[in-house]
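Protein chains in written order, with my numbering: chain H, -14 to 423; chain D, -14 to 423.
Backbone N, C-alpha and C define an ideal beta-carbon position, used for all residues, glycine too.
Working notes, beginning with the structure itself.
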C-alpha cells in the first residue's frame, strides 16, 4: 500500500485506517519521523522527539488489540504539559531537563485512547511572550505564532497529525491562524488542567491543533468523553452572527479580504446571517483579559519569581511586574466586569448559532522576535467561550489565514459541527492549507 | 517575656507581635515544635515535620528585616500541595517520597510574605475518601474530618496557627467543623491552583484553617493581594438569610441546638433575619456535585488509573469507576444545571447579605474509617461560593461544632467581615474552641 499521503492526511481518516488495520501504527510513526528528519532542522518545532519510544509504543499497539479511538495516532504535546517519560521544560531554562513524576491528565487520557506521544513541541517561555526557536512552515522568516508555536508548526508541516496546546490569551487560535491549521479552544473548564503548568488561573485552557475540523473533534470527544463531539454528525445550516469586534480597525487588508471571501461563500448558505450587536462594554474585554492575565501570572509564577528571577526573560519580568502592580481588589473588580458581560454575550446566541470573528490582525508577521498580537482572541478567552480557527485563505504574501467561529458556553459540540459545515464550503476537500514546500 | 500563650494565640495577634519584634520567629517555631512533640504521637496530623528547616528559616527571618505580613508565622501545608523542599505524597503510596520541582503558587506566596512551612499535613488519598491516620484532637476516637484532616487537627491542637487545605466537596468546612477551628473556602477561582494536585477541575478550591476569622482573613489578603480582606474592617450588621438547605432532615440534635443558639444570639442583632426561599432545583446541587466530582476525578487521575491502579484504595477505585460511567455529555448537562442555578442563587443576595447554613450533619463521627458526610458543603462547592465555618458550639458529647456563613460570588471580603461580626457575638473573646486537653 502506498502511504505517501500520510503527512497530509487528517487524524480522523488516519484513525479509520488504523482501526481497520489497513495502516500500521509503526508505518505512520515512521512517516512522521521521516517528515521530521526533512523539516525539523529548519522549523525547530520540537523541544524533544522521542523516536525510539514512539516506535516501541507503535509496535506494541500493532501487536495488540485496538486500544481506543486514537489507536496509533502520533501526538505532539506542548512542552508546557507534563509527560512522565519525556523532559518538560515549560519553555524556560529554569526547568531544563525536568522530568515530571506523572503525565498530565490530558496526556494520560490521549495515551489511554491509544495515542503515541511522538515528542514535546516548543512553547514560548511559560506560554507568555518570549518566543522559542520555531519558524513558520509557510515561510521560515515569519513567526509561527505563540505560545503553542511548535504544535501549530508541526501539524502544519505534516510532521504530526495532532498536537496539544494551551490558550490563555490567544495561544491556540493565533498560531493555528499563522500556520494554516485548525485550532480548537474548548470552553473553559471542559478539559482537565492537572499537570499543565499554570499561567493564569481563570484563563488557561487546553486546546489542540489538527488538519481538519473532524480531527479536532475526534480528540475533543476522547478528552471530554462527550460522544456528541465525534465527527460525522450532520448539522443544519447555522444562523451566522457577524462579529468583527470593536478591534476591527486593527484587521489588515488580508483579513478584510478573508472576511469578504467567507461572507460571499457562507452568507447565501447560512440559515441566517446578520450583524451582531455587541454589548457596549465589550471593547473592555481585551484590556481586561490582558490585566487579569498579568495579575494571575504574577501569582502563578511566584516560585519562579522568588528563586529564579534572573532566568526569566525581560518581557516576562515586565509582565510579572505589571501583574504585581495590580491589586487583588482591582482583580476582583475586573473579574466582576467580565462576569457582568457573560449574560449579554450569552444572549447573543438566542439569535445567532455561532459568531464569525477575526482570528488575528493578519497573516504571520515577519521575524521571530514576536509571536504576533492576540488582541482578537483576548475577549473570547476572557469569556471562556469555545473557539475554532478555520484555515481557508491566503494573504497577498502567500501566507495562510482564516477566521474563527465562536460558540455558546457549553455548545462545543455544535460549534465543531458548524465549523465542519463552514470548512466544507470555504475549502471543499481540503483538510489543511498545505505549506508551499508540500 | 512569657510565651505560654503561643499555642492558643491566633495568627493575626502573633503577626502583630512578630512585626513589632516582640516575638522572635524562632521562639514561635520552638513553641509549635514543643506542642508537636506532645500531641503529634497521638494525633498524627503531619505527613512530614521539618523542624530543622523551620528553625533555620526562623533564624534567617529573625536576623533580617520584616519580610511581609506573614513574617515568622509557622504554616502547615496539606500534603496535596507541592513543596520544593519537602516530600509531597498526595496521601497516596504512589507518590511516597516524591519531591516536586517547585513550590505550589500558594506556598510560594506565603513564603514570599514571610511564612515558615513547618510541615506537610495529612490528606486523605488524593483528597478523596480514604482516610489518613489523623485523629480528632478533641477525642482521638473520632475522625478529624477530611480531606484536609491534618491541617484542621494541627491548628485545633495548637501545633500550628495556620494551615492550607483544599475543598472539592467539603474538605475545608467539614474538618474545620469537626475540629472546632475557623475554615475559609474562598470563592472559586480566587486563588491560584498551580502545584495543587488536581482532583476535579471545576470544583477544587484552596482554602485554609485558622484559630479566628481575623487569622483566616490575614492569609486570604496575602494570597489574593486584596487588602479589603485584611482583618479589622468594621462592618455594619448583616441582613442574615437562614438557609438550613433541603438536606436539613440530616441535621442531628447537636446541629439543631447550635442552629437555635446562633439564632438566639444573632437574630436580635442582625440588620434583618429571614428565611431564604431557595430555588426549587437547589436540592439537585448536592447530587450534581457528587457526580461532577466523580466524572472529573476519573479524568484528573487518568495517569494514576493507568499506571498504578492496584495502589489506589478500593473506595477510590469505586469513585473512579462511578466517574468513568458518567459520559462527557452527561457532565456537560450537569454543568449546565449548576450554571442555571447560579442566577437564582445570586439573586438571594439582593435581600440577604450572608446565608447561615449547616456545616455538617453533626459533630465528628466516632471511628477513623470515615471522614464524615460533606452533604452540607456540596451545594456551595458546586456553586463556587465563598464559605466560612464558625466554630462556636459543642455537642452533647463535648465535641465542637458550628455553622457556616456563605457569601455572594466575589464578596469574600464582606463575608469575612460578617463572619468576624458573628463570631464576636457567638463566642466573644474566643479565637478557637480549645480541645479538652488544653
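For residue 307 (chain D), not one C-beta of chain H is nearer than 8 Å to its own C-beta. Sequence-distant partners of residue 217 (chain H) (beyond 5 residues in either direction) whose C-beta falls short of 8 Å from its own C-beta, in its chain, are 199. Collapsing the DSSP output to three states places residue 218 (chain H) in coil. Around the beta carbon of residue 88 (chain H), 16 or more other beta carbons sit within 10 angstroms, so the residue counts as buried.
Residues 152, 170, 173 of the same chain have their beta carbon placed closer than 6 Å to that of residue 190 (chain D), with the five preceding and five following residues left out of the count. The criterion of a C-beta distance shorter than 8 Å is not satisfied by residue 186 (chain H) and residue 85 (chain D). Chain D has no Cβ within less than 8 Å of the Cβ of residue 366 (chain H).
Its Cα nearest to that of residue 245 (chain D), the residue D:377 stands out among D:359, D:377, D:326, D:163.
The Cβ of residue 241 (chain H) sits no closer than 8 Å to any Cβ of chain D. Distances from the CA of residue 74 (chain D) to each of D:330, D:46, D:182, D:251 were compared; the closest alpha carbon is that of D:182.
Going by C-alpha positions, residue 414 (chain D) is about 45 Å away from residue 304 (chain H).
Residue 407 (chain D) has its alpha-carbon roughly 35 Å from the corresponding atom of residue 76 (chain D).
Taking C-beta atoms under 8 Å as the contact rule, residue 107 (chain H) and residue 31 (chain H) qualify, at a distance of about 7 Å. Burial is judged here by how many other beta carbons sit within 10 angstroms of a residue's own beta carbon; residue 211 (chain D) has at least 16 and is buried. By a beta-carbon distance limit of 8 Å, residue 157 (chain D) contacts residue 168 (chain D). Their separation comes to about 5 Å. Scanning the stretch 259 to 347 of chain H from its first residue to its last, the whole beta strand (DSSP E) runs of 3-plus residues come out as 339 to 343. Along the stretch 187 to 207 of chain H, the positions whose C-beta sits under 7 Å from a C-beta of chain D are 187, read in chain order. An exposed status is given to residue 37 (chain D), since fewer than 16 other beta-carbon atoms sit within 10 Å of its beta-carbon. Listed along chain D, the residues sitting closer than 7 Å to residue 317 (chain H) by beta-carbon distance are 211, 395. DSSP places residue 163 (chain D) in the helix class (H, G or I) of the three-state scheme. By the CB criterion at 8 Å, residue 58 (chain D) and residue -8 (chain D) fall outside the cutoff. Proximity of residue 88 (chain D) to chain H, defined by a Cβ-Cβ separation below 8 Å, is satisfied. 8 Å or more divides the Cβ of residue 94 (chain D) from the Cβ of residue 14 (chain D). Among the residues facing chain H, residue 177 (chain D) is included, as its CB has a counterpart in that chain under 8 Å away.
For the 8 Å CB-CB criterion, residue 221 (chain D) and residue 254 (chain D) do not form a contact. If you draw a straight line from the Cα of residue 281 (chain H) to the Cα of residue 308 (chain H), it comes to about 7 Å.
Considering only beta carbons, the part of the stretch 320 to 340 of chain H lying closer than 9 Å to chain D consists of 320, 321, 324, 328, in chain order. Secondary structure remark: continuous beta strand (DSSP E) runs of at least 3 residues inside the stretch -7 to 75 of chain D, in chain order: 31 to 34, 59 to 63.
With a 10 Å radius around the Cβ and a threshold of 16 neighbouring Cβ atoms, residue 321 (chain H) comes out exposed. Think of a sphere of 7 Å around the beta carbon of residue 284 (chain D): the chain H residues whose beta carbon falls inside it are 90, 94, 177, in chain order. Below the 9 Å Cβ cutoff, chain D contributes 177 as neighbours of residue 281 (chain H), in chain order. For residue 247 (chain D), the three-state secondary structure derived from DSSP is helix. Listed along chain D is no residue with a C-beta nearer than 9 Å to that of residue 110 (chain H); the closest approach is about 15 Å. When Cβ pairs closer than 8 Å are counted between the two stretches, the stretch 113 to 124 of chain D is seen not to touch the stretch 324 to 338 of chain D, the count staying below three. At a Cβ-Cβ threshold of 8 Å, residue 359 (chain H) and residue 270 (chain H) do not count as neighbours.
With 16 or more other CB atoms across the displayed protein chains lying within 10 angstroms of its CB, residue 110 (chain H) is buried.
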